Structure formats: structure tokens, C-alpha cells
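Engineer: Note that the working numbering has the sequence shown beginning at 88, numbered continuously upward.
For every residue, glycine included, the Cβ atom is placed at its ideal position computed from N, Cα and C.
Since the structure is predicted, the reported quantities are computational estimates derived from the model, not experimental observations.
First the structure, then my questions, so here it is.
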Amino acid sequence: MNPFSQLGLRHDIVNALTEIGFEKPTQIQEQAIPVLLSGSSDFVGLAQTGTGKTAAFGLPLLELLDFSENSPQALILCPTRELCLQIANDLKNFSRNINDVNIVAVYGGASISDQLRQIRRGVQIVVATPGRMLDIIGRKAIDFSGVRYVVLDEADEMLNMGFQEDINDILSTTPDEKKTWLFSATMPAEVRRIAKNYMTDPHELTVGTKNTGNSNIEHHYYVVRPRDKFAAFKRIVDINPDIFGIVFCRTKIETQEIAEALIKDGYNADALHGDLSQQQRDKVMKRYRDRSLQLLIATDVAARGIDVNDVTHVINFSLPDEIENYTHRSGRTARAGKKGISIALVTPKEAGKIRHIERVIGKEFIKSTIPTGIEVCEKQLFSIIDKVKSVEVNEEQINQFLPKIEEAFQDFSKEDVIKHLASLEFNRFLNYYNGAQDLNSNESEGRGRDRDRSDRGDRGSRGDRYGREGGAQAGFSRIFVNLGSVDNFDRGSMLGFICDNAQISGKVVGKIDIKGVFSFFEVESDMAEKVFNNFKDVDFKGRQVRLEPAGDREGGSGDRGGRSREGRRGGRERASEHQGGFRDFSGKRRERRSEKKRW
Ligand code: ADP
Ligand code: MG
Numbered sequence: 088m089n090p091f092s093q094l095g096l097r098h099d100i101v102n103a104l105t106e107i108g109f110e111k112p113t114q115i116q117e118q119a120i121p122v123l124l125s126g127s128s129d130f131v132g133l134a135q136t137g138t139g140k141t142a143a144f145g146l147p148l149l150e151l152l153d154f155s156e157n158s159p160q161a162l163i164l165c166p167t168r169e170l171c172l173q174i175a176n177d178l179k180n181f182s183r184n185i186n187d188v189n190i191v192a193v194y195g196g197a198s199i200s201d202q203l204r205q206i207r208r209g210v211q212i213v214v215a216t217p218g219r220m221l222d223i224i225g226r227k228a229i230d231f232s233g234v235r236y237v238v239l240d241e242a243d244e245m246l247n248m249g250f251q252e253d254i255n256d257i258l259s260t261t262p263d264e265k266k267t268w269l270f271s272a273t274m275p276a277e278v279r280r281i282a283k284n285y286m287t288d289p290h291e292l293t294v295g296t297k298n299t300g301n302s303n304i305e306h307h308y309y310v311v312r313p314r315d316k317f318a319a320f321k322r323i324v325d326i327n328p329d330i331f332g333i334v335f336c337r338t339k340i341e342t343q344e345i346a347e348a349l350i351k352d353g354y355n356a357d358a359l360h361g362d363l364s365q366q367q368r369d370k371v372m373k374r375y376r377d378r379s380l381q382l383l384i385a386t387d388v389a390a391r392g393i394d395v396n397d398v399t400h401v402i403n404f405s406l407p408d409e410i411e412n413y414t415h416r417s418g419r420t421a422r423a424g425k426k427g428i429s430i431a432l433v434t435p436k437e438a439g440k441i442r443h444i445e446r447v448i449g450k451e452f453i454k455s456t457i458p459t460g461i462e463v464c465e466k467q468l469f470s471i472i473d474k475v476k477s478v479e480v481n482e483e484q485i486n487q488f489l490p491k492i493e494e495a496f497q498d499f500s501k502e503d504v505i506k507h508l509a510s511l512e513f514n515r516f517l518n519y520y521n522g523a524q525d526l527n528s529n530e531s532e533g534r535g536r537d538r539d540r541s542d543r544g545d546r547g548s549r550g551d552r553y554g555r556e557g558g559a560q561a562g563f564s565r566i567f568v569n570l571g572s573v574d575n576f577d578r579g580s581m582l583g584f585i586c587d588n589a590q591i592s593g594k595v596v597g598k599i600d601i602k603g604v605f606s607f608f609e610v611e612s613d614m615a616e617k618v619f620n621n622f623k624d625v626d627f628k629g630r631q632v633r634l635e636p637a638g639d640r641e642g643g644s645g646d647r648g649g650r651s652r653e654g655r656r657g658g659r660e661r662a663s664e665h666q667g668g669f670r671d672f673s674g675k676r677r678e679r680r681s682e683k684k685r686w
């Protein structure tokens with residue numbers, strides 16, 4: 088008997104699962120489905136990403152709803168557009184052999200009229216992000232009085248994004264006797280509070296992390312511009328003086344080049360790839376195993392199955408073409424119960440792939456910042472000090488030389504000796520990192536060119552200007568929006584509104600400053616372009632929502648879009664003159680906007 092049938096699922100659904108390649112339930116599915124199928128209690132399910140939660144709630148829903156009735160019976164709330172589409176799509180797949188199932192995905196950043204049309208045609212399952220859902224409820228375009236089940240998917244992330252209020256409002260339009268199922272990867276206090284407020288005596292289920300890859304591996308990623316990659320990579324190596332690592336490249340050529348560049352810069356590294364003879368490869372591997380080599384630079388094929396203990400770091404200098412290879416790579420560390428770190432260097436363009444990898448490995452990455460020159464130097468200095476302190480002293484042997492040594496140091500104070508000793512090894516780092524730049528990319532795509540210009544121009548004065556205006560924190564872009572307290576926004580609802588429409592996580596949003604008829608908010612700079620793009624056609628109660636880079640508005644009147652096109656152009660030109668470099672996307676956007684108006 089098919090294991091899904093054993094859980095109590097009907098033939099049509101089990102068939103569909105077989106067709107899409109689900110052979111047996113995951114752990115959370117196995118444990119949650121029988122409970123949810125009873126339809127009799129509220130439910131809290133805790134399990135990491137990638138453990139199959141969608142089917143865990145989706146399959147019971149399909150089993151419990153009445154598809155001969157064409158009205159909203161289930162509402163699934165989730166944090167992002169991406170997830171919303173994913174869930175709707177999964178549900179459509181699961182229900183492919185059932186007649187008359189209508190599922191609608193409702194999310195920000197897309198035409199609301201299409202979504203309204205679909206709802207009017209009739210729907211039983213609504214999958215929605217909170218902001219857009221509330222908008223639709225506000226238009227009285229949907230009736231939730233017949234809703235029997237509400238699912239809060241990725242509840243922790245929804246709270247992170249500031250959707251608490253929206254969720255309250257949405258749930259208040261659903262009947263009291265509905266059942267609420269909450270799914271989350273973590274159970275912070277806020278989620279616990281939700282569970283308490285919205286649920287009666289929920290059945291709680293936590294699924295361990297058994298089949299989600301090696302829990303001894305920590306995954307980190309760094310966002311750097313392509314041309315800074317090598318320098319950033321060296322900093323990561325330098326801040327880990329005891330690194331014993333494998334560095335993965337995509338091609339043989341890249342592997343060879345990186346190895347050669349490292350050797351030239353004084354690192355203990357060598358290459359391993361398919362263009363080497365078997366003998367050469369054996370030699371490299373022997374040196375690595377013996378620890379005469381600190382960094383092994385390798386291609387996927389050459390490093391497949393390498394089983395060396397105590398590898399401290401796996402570094403993805405380039406991401407693998409196939410995501411599965413990421414797991415093979417990171418599996419070279421944290422062997423035999425040890426801990427290890429897997430690092431990915433990604434360009435701003437590639438940053439989205441991290442989320443994808445997270446889903447596959449069922450684990451979250453830690454976003455890290457490339458250390459500054461000073462941080463590296465400090466680390467190296469202490470490593471040298473540690474070495475000096477822990478070196479084994481052979482009293483007998485050294486004694487005979489001591490008088491001569493003391494004589495040589497006669498004119499040196501203790502402080503002098505310390506300084507000289509440390510400098511001996513340390514000067515290399517001091518020299519290299521003297522005046523070192525910040526290598527973290529805070530850029531959105533397409534800003535590189537202007538950044539170059541502003542590097543040459545007067546960046547100091549730009550900082551001052553922004554500083555006075557209460558400018559963005561480092562790494563963040565400050566954005567103006569023509570909505571404020573008169574539109575009934577507070578910081579929480581503004582955060583929700585931004586995240587929902589821009590399709591970003593609340594984690595990348597910085598300070599929010601609500602004014603009367605407008606507001607400012609900060610986003611991590613590499614998200615800025617996404618925010619602008621996704622806000623292109625957003626309206627609020629029939630009014631076009633307008634965003635602008637906040638620096639752009641300096642000297643502006645802070646009005647609500649009343650300035651003429653000419654006036655704005657003038658403003659921009661003035662700004663460019665003063666600042667040398669201006670963000671590319673603002674200019675592009677402006678042109679696009681004025682084009683739109685003209686035509
Ligand atoms: P979560 O919501 O826990 O992050 P998803 O429901 O998105 O996880 O599932 C993660 C991936 O695993 C998806 O690609 C999904 O199709 C797949 N999956 C889920 N359940 C099964 C199963 N029983 N057999 C095979 N693949 C599954
Ligand atoms: Mg999920």
C-alpha cells in the first residue's frame with residue numbers, strides 16, 4: 088500500500104503524488120497529516136525549511152474542503168510573493184486529479200484587477216500575502232464568512248516582516264470556529280504569542296533536523312562585486328589564520344589561476360583539477376592530507392569524495408552550476424562529527440541563489456560581511472601573539488645562547504622587543520591592508536558604473552549632505568515614499584506595506600521614519616533596485632505610490648508629487664553636479680517615468 092494512502096489520503100490525491108514523484112511522506116507529513124485530517128483542532132508545526140511543510144498542510148486541506156461549493160473555505164497566508172506562487176502551484180499539482188478545485192494566489196507587486204477577477208470567478212482556496220489580502224478585503228471583494236481553515240505559513244518570517252497587524256485584521260474577518268494551522272521554522276516569543284492569541288489548545292508538533300544535512304556545518308555567504316572577489320576571498324583566508332580549506336572553482340582555468348595568484352601572494356595553496364596527470368594529482372592530495380598545504384583549490388570533479396578530516400572551511404569561490412553540487416562541496420568539511428564552515432562568495436546578481444540553496448539544503452545561511460583591513464590585522468596580530476606565547480621553549484638549548492641574545496637586545500626595552508617581534512610577521516599584513524577598502528557590495532545591479540564615478544569624485548561631501556539629512560546607515564539606501572501618517576501608516580504597517588509590495592524580507596529594511604504626508608525608509612542597498620522595480624505600478628487607495636532615492640529630494644520641497652517634470656529634472660541635474668556620482672537606477676527610473684507620462 089502506498090504510504091500516503093496509509094496516512095488516510097484518498098486515491099485521487101495519492102495518484103497525483105505518485106505522478107509528481109513523491110514516493111513517501113517526509114517526517115512532518117507523516118506526523119501532521121493524520122492529525123490535520125481529523126480537522127478537529129488547531130495546530131502548530133515546527134520544522135526547518137525544505138522539510139515538506141506545504142504538503143503537510145496542503146494535502147489535508149484538499150481532503151477536508153468541499154469542492155462542490157465554490158466559495159472561500161481555506162485561507163493560506165505566507166510572507167512573500169515567491170512563496171505564495173509556490174504554494175498555489177504545489178496545491179494545484181496535488182489536486183490535479185480532483186475536479187472543480189479553484190485556487191487563487193493573491194500577492195503584492197502585481198495587477199490587483201487580475202486577482203479580483205479570479206476571485207469573482209469563484210475560489211475555494213486563497214493563498215495570499217497579508218498586505219494585498221487586506222487591500223482586497225478593504226475593497227469588500229471577498230467573503231471569508233465561510234472559511235473553515237486558516238494556515239499561517241512561515242509565521243516567524245511574517246512577523247519579521249511586520250505583518251502582525253495585517254494578520255490580526257485579516258483573521259478578524261474569518262469565523263471564530265475556523266481551525267488555525269500555524270507553520271514556522273522557529274518558535275520565537277512572538278510566534279508563541281500568536282499561537283496563544285489565535286488558537287485554542289493547539290496540537291503541537293516539532294520535527295527534528297535529522298534529514299536536513301549535516302548540522303555541524305555553518306553556512307555563510309558574502310555579497311561582493313565580481314572584481315572584488317579575489318581580494319575578498321583573501322581577507323576571509325587572512326582572518327582565519329588556521330584555515331585548512333578547500334576552495335571550489337567552476338572551471339579548470341579558474342582553479343589554476345586562483346591557485347597561481349595565491350601562491351604569488353605568499354599563500355600556501357595548490358590546484359587540483361582534471362588537466363593534471365594522475366601523478367600530479369596524487370602529489371597535491373598527499374601534500375594536502377599531510378597538511379603541508381593549507382588551501383586546496385579544486386574543481387567539483389577533482390574533489391569529488393575527498394575525505395580529509397579536519398577541513399575547517401569549504402569556500403565556494405564560484406557557486407556550482409548545479410545546486411546539488413553545493414551539498415557535495417560543503418560535505419567536505421565537518422566530517423567525523425567535527426564542526427565546519429561552508430562559505431559562498433556571491434555577486435549581487437547571484438544573491439538570490441542563496442535562498443534557492445537554502446531550500447535544497449534545508450538550512451539557512453548567515454549573511455556575513457567581509458572583514459575590514461583593521462579586523463584582519465588585529466586577528467593576525469593576535470595569532471602571532473598566541474604563537475609567541477605558546478611556542479615550546481627548549482630551556483637547555485636556548486640557555487647557552489641567552490647571554491648573547493640579551494646582549495643583542497641591550498638597547499631594547501621590553502616594549503621594543505614586543506613591537507619588533509610582532510612586526511616581523513605582521514608587516515606583510517600591515518602593508519597590504521594599509522588603507523584597505525570596504526569590499527562588501529552594497530550595490531544593486533547596474534550601479535557599478537556610477538559608483539566608479541563617485542569614487543573618483545568627492546564622496547566626502549556626499550556623506551556630509553546625507554549625514555545632515557539624517558542619511559542612511561552604512562549599507563542602506565534611504566528611500567522617500569509619498570505616504571505617511573495622514574494615510575494612517577505607522578512604522579509597523581509601513582513595514583508590512585513595503586515588504587509586501589517590494590517582495591522583500593523585513594530583515595533587509597532599516598529605519599522607517601513616518602512623516603505627515605510622506606515617509607522615509609531604508610533598505611539594504613543591494614535590495615534598492617528590487618524595491619523600485621516592484622513598486623512601479625503600486626497604488627494605494629487609487630493613488631500612485633511614488634518612491635524616490637531620498638538623497639534625490641534634498642533641497643526639494645517634500646511635496647506629494649506636485650512638482651513638475653521640469654522641476655524634478657532641474658533638481659536632479661543640480662544634484663549630479665554637486666555629487667559627481669548619482670545612483671544609476673534613480674536616473675533610469677526617472678526617464679522611464681517621464682516617458683510613461685508623455686506617451
Ligand atoms: P518547506 O515548506 O518545509 O520549506 P516544501 O513544502 O517547500 O518545504 O518542500 C520542499 C521540497 O521538497 C519541495 O521541492 C517539495 O516538492 C519537496 N517535497 C515535499 N514533500 C516531498 C515528498 N514527500 N517526497 C519528495 N519530495 C517532497
Ligand atoms: Mg514552506
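Please name the residue in I323, C165, L382 and T261 whose C-alpha comes closest to that of P159.
Structural biologist: On the sequence shown, position 72 is the one that residue 159 refers to. Of all alpha-carbon atoms in I323, C165, L382 and T261, the one lying nearest the alpha-carbon of P159 is that of T261.
Engineer: Alpha carbon to alpha carbon, how far is I128 from L269?
Structural biologist: For this step, residue 128 is matched to residue 41 along the sequence shown. For this step, residue 269 is matched to residue 182 along the sequence shown. It should be pointed out that residue 128 corresponds to Ser in this sequence rather than to Ile. Rounded to the nearest whole angstrom, the C-alpha separation of S128 and L269 is 12 Å.
Engineer: To the nearest angstrom, how far is the alpha carbon of N403 from that of E465?
Structural biologist: The residue labelled residue 403 in the question sits at position 316 within the sequence shown. The residue labelled residue 465 in the question sits at position 378 within the sequence shown. Each residue's Cα considered, the two are about 25 Å apart.
Engineer: Alpha carbon to alpha carbon, how far is N527 from A637? Give it in angstroms, no decimals.
Structural biologist: Here the question's residue 637 lines up with position 550 in the sequence shown. Here the question's residue 527 lines up with position 440 in the sequence shown. Taking the straight line from one Cα to the other gives about 22 Å.
Engineer: Taking just the CA atoms, how far does R368 sit from I281?
Structural biologist: Counting from 1 along the sequence shown, the entry for residue 281 is found at position 194. Counting from 1 along the sequence shown, the entry for residue 368 is found at position 281. Their backbone Cα atoms lie some 57 Å apart in a straight line.
Engineer: Using DSSP with H/G/I as helix, E/B as strand and the rest coil, what is A509?
Structural biologist: Translated into positions along the sequence shown, residue 509 becomes position 422. Three-state DSSP puts A509 in a helix.
Engineer: With respect to the alpha helix (DSSP H) encompassing F619, which residues constitute its N-terminal and C-terminal limits?
Structural biologist: Counting from 1 along the sequence shown, the entry for residue 619 is found at position 532. Element bounds for F619: A615 to N621.
Engineer: So does K140 have its beta carbon nearer than 6 Å to some heavy atom of ligand 1?
Structural biologist: Within the sequence shown, numbered from 1, the residue matching residue 140 stands at position 53. Yes.
Engineer: Looking only at its own chain, which residues have a Cβ that is under 7 Å from the Cβ of N247, when we skip the five neighbours before and after it?
Structural biologist: By 1-based counting over the sequence shown, the position of residue 247 is 160. If we look at N247 and ignore the five residues flanking it on each side, its Cβ neighbours are S592, G593 and K594.
Engineer: Check whether the Cβ of K140 lies closer than 7 Å to any Cβ atom in chain B.
Structural biologist: This model lacks chain B altogether; it includes just one protein chain.
Engineer: So what's G137 in DSSP terms, helix, strand or just coil?
Structural biologist: Numbered from 1 along the sequence shown, position 50 holds the residue referred to as residue 137. In the structure shown, G137 sits in coil (DSSP, three-state: anything other than H, G, I, E or B).
Engineer: From what residue to what residue does the alpha helix (DSSP H) around N247 run?
Structural biologist: Looking up residue 247 in the sequence shown gives position 160. Note, N247: alpha helix (DSSP H), A242 to N247.
Engineer: Where A495 and D503 are concerned, what is the direct C-alpha to C-alpha distance, given to the nearest angstrom?
Structural biologist: Translated into the one-based positions of the sequence shown, residue 495 becomes position 408. Translated into the one-based positions of the sequence shown, residue 503 becomes position 416. If I take the Cα positions, the gap works out to 13 Å.
Engineer: Should I107 go down as buried or exposed, given a rule of 16 or more other Cβ atoms within 10 Å for buried?
Structural biologist: Taking the first residue of the sequence shown as position 1, residue 107 is located at position 20. I107 should be labelled exposed.
Engineer: Is the beta carbon of V193 less than 7 Å from the beta carbon of A215?
Structural biologist: What you label residue 193 is simply residue 106 of the sequence shown in a count that begins at 1. What you label residue 215 is simply residue 128 of the sequence shown in a count that begins at 1. Result yes, Cβ atoms of V193 and A215 sit closer than 7 Å.
Engineer: For my contact list, I185 and L149 are in at a C-beta cut-off of 8 Å; report their separation, rounded to the angstrom.
Structural biologist: Position 98 of the sequence shown, counted from the first residue, corresponds to residue 185. Position 62 of the sequence shown, counted from the first residue, corresponds to residue 149. At roughly 7 Å, the Cβ-Cβ gap stays under 8 Å, so I185 and L149 are in contact.
Engineer: Could you give the residue range of the beta strand (DSSP E) that holds L239?
Structural biologist: As a working note, residue 239 is residue 152 in the sequence shown. Here the beta strand (DSSP E) through L239 covers Y236 to L239.
Engineer: Which same chain residues end up closer than 7 Å to T141 when comparing Cβ atoms and leaving out the 5 residues on each side of it in sequence?
Structural biologist: Position 54 of the sequence shown holds residue 141. Hits under 7 Å: I174 and D177.
Engineer: For a quick check, are the C-beta atoms of A615 and S564 less than 7 Å apart?
Structural biologist: The count along the sequence shown starts at 1 and reaches residue 615 at position 528. The count along the sequence shown starts at 1 and reaches residue 564 at position 477. For A615 and S564, yes; Cβs fall inside 7 Å.
Engineer: Using the DSSP secondary-structure output, state which residues sit across from D357 in a beta bridge.
Structural biologist: In the sequence shown, residue 357 corresponds to position 270, counting from 1. Answer by DSSP bridge pairing, in chain order: L383.
Engineer: Determine the closest residue to V618 out of D600, V604 and C586, with distance taken between C-alpha atoms.
Structural biologist: What you label residue 618 is simply residue 531 of the sequence shown in a count that begins at 1. Selected option, being the one with the closest Cα: C586.
Engineer: Run the CB neighbour count on S155, radius 10 Å, all protein chains shown included, and call it buried at 16 or more, exposed below.
Structural biologist: Walking along the sequence shown from the start, residue 155 turns up at place 68. By the 10 Å Cβ count, S155 comes out exposed.
Engineer: Could you check what DSSP says for S477 in three-state terms: helix, strand or coil?
Structural biologist: Locating residue 477 in the sequence shown gives position 390, counting from the first residue. Reduced to three states, the DSSP call for S477 is helix.
Engineer: What does T293 pair with, by DSSP beta-bridge criteria?
Structural biologist: Start at 1 with the first residue of the sequence shown, and residue 293 comes out as number 206. Paired residue(s): L133.
Engineer: Within 6 Å: the Cβ of F144 and any heavy atom of ligand 1?
Structural biologist: Walking along the sequence shown from the start, residue 144 turns up at place 57. Incorrect: F144 has no Cβ contact closer than 6 Å to ligand 1.
Engineer: Where G95 and P121 are concerned, what is the direct C-alpha to C-alpha distance, given to the nearest angstrom?
Structural biologist: On the sequence shown, residue 95 is found 8 positions in, with the first residue counted as 1. On the sequence shown, residue 121 is found 34 positions in, with the first residue counted as 1. Cα atoms of G95 and P121: separation of roughly 7 Å, rounded to the nearest angstrom.
Engineer: Measuring CB to CB, does V310 end up less than 7 Å from P435?
Structural biologist: As a first step, residue 310 must be located in the sequence shown, where it is residue number 223. As a first step, residue 435 must be located in the sequence shown, where it is residue number 348. Yes, the pair counts as a contact, with Cβ atoms nearer than the cut-off.
Engineer: With respect to the alpha helix (DSSP H) encompassing T267, which residues constitute its N-terminal and C-terminal limits?
Structural biologist: Here the question's residue 267 lines up with position 180 in the sequence shown. Secondary structure note for T267: it is in no alpha helix (DSSP H), and the uninterrupted beta strand (DSSP E) holding it is K266 to S271.
Engineer: To the nearest angstrom, how far is the alpha carbon of E341 from that of R314?
Structural biologist: Here residue 341 refers to the residue found at position 254 of the sequence shown. Here residue 314 refers to the residue found at position 227 of the sequence shown. Going by the C-alpha atoms only, they are around 14 Å apart.
Engineer: When burial is assigned at 16 or more other CB atoms within 10 Å of the CB, is D325 buried or exposed?
Structural biologist: If you number the sequence shown from 1, residue 325 lands on position 238. Classification for D325: buried.
Engineer: Report the CB separation of A119 from L292 in whole angstroms; it is logged as a contact under 8 Å.
Structural biologist: Here the question's residue 119 lines up with position 32 in the sequence shown. Here the question's residue 292 lines up with position 205 in the sequence shown. The Cβ separation is near 6 Å, so the contact holds.
Engineer: Keeping to the same chain, check which residues put their C-beta closer than 8 Å to that of E609; ignore five residues upstream and five downstream.
Structural biologist: By one-based count along the sequence shown, residue 609 stands at place 522. Around E609: A559, Q560, F563, S564, R565, I566, V596, G597, K598 and I599.
Engineer: Taking contact to mean 3 or more Cβ pairs, one atom from each stretch, closer than 8 Å, check whether the segment 341-350 and the segment 466-481 are in contact.
Structural biologist: no
Engineer: I believe L380 touches D352 by the beta-carbon criterion, under 8 Å. Please report the beta-carbon distance rounded to the nearest angstrom.
Structural biologist: The residue given as residue 380 occupies position 293 in the sequence shown. The residue given as residue 352 occupies position 265 in the sequence shown. So it is not a contact: roughly 15 Å between Cβ atoms.
Engineer: Can you look up G571 in the DSSP assignment and give me helix, strand or coil?
Structural biologist: Along the sequence shown, one-based indexing puts residue 571 at 484. It is coil, neither helix nor strand.
Engineer: So, with DSSP's three-state summary, where would you put L162?
Structural biologist: The residue you call residue 162 lines up with position 75 of the sequence shown. L162: strand per DSSP, three-state reduction.
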